[in-house]
Amino acid sequence: MVEKWDGRSKLCNKKGELDLEAKGCKDGKGRRMTLDYQLKCGIRKPPVNMRLEFMAKEEYRAFKVMLLPMLRFRPEKRATAEQVLQSEWMIGWGLPALYEGQSSSNLISKTD
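In the working numbering, the protein residues as written are 69 to 180.
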């Protein structure tokens, strides 16, 4: 599967293993773009033009704890939907934000 991927040469060595020193694995300043780096730049401290709120340290920790098991390669080791819904982040931040958004949209549609 990896052998057929067009972008393979940008991120993998000749053996097909991820090469963290490859150009495609670094940002514009030459820093490695690890998952932790991506989460910090895109979620914890999002660019101003994305209009997202800054994620507090505790929420970021809970989000990462929820996300990592979701990304496991083997399906039997991957988090189930039930486990995700019962995670600290989902209970403390995700679902409350969803419900708040739903109630806000209901208020808007009732006033139209």
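In this text, a Cβ means the ideal position worked out from N, Cα and C, and glycines have one as well.
Stretch pair the region 152 to 163 + the region 128 to 144: three plus CB contacts closer than 8 Å
Three or more Cβ pairs drawn from the region 152 to 163 and the region 128 to 144 lie within less than 8 Å of each other, which places the two stretches in contact.
Length of the line joining the Cα atoms of LYS125 and LYS82
Approximately 39 Å, taken between the alpha carbons.
ALA151 versus PRO143: straight-line alpha-carbon distance, rounded
Checking the sequence shown, residue 151 turns out to be Gln, not Ala. Per the coordinates, the alpha-carbon of GLN151 lies some 14 Å from the alpha-carbon of PRO143.
Residues near PHE141 in its chain [Cβ-Cβ closer than 6 Å; skip 5 each side]:
Contacts found: none.
Under 9 Å between C-beta atoms of GLN146 and LEU139:
The displayed chain sequence assigns Arg, not Gln, to residue 146. Between ARG146 and LEU139, the gap from beta carbon to beta carbon is short of 9 Å.
For the alpha helix (DSSP H) that PRO137 lies in, which residues bound it at each end?
Note, PRO137: alpha helix (DSSP H), 125 to 138.
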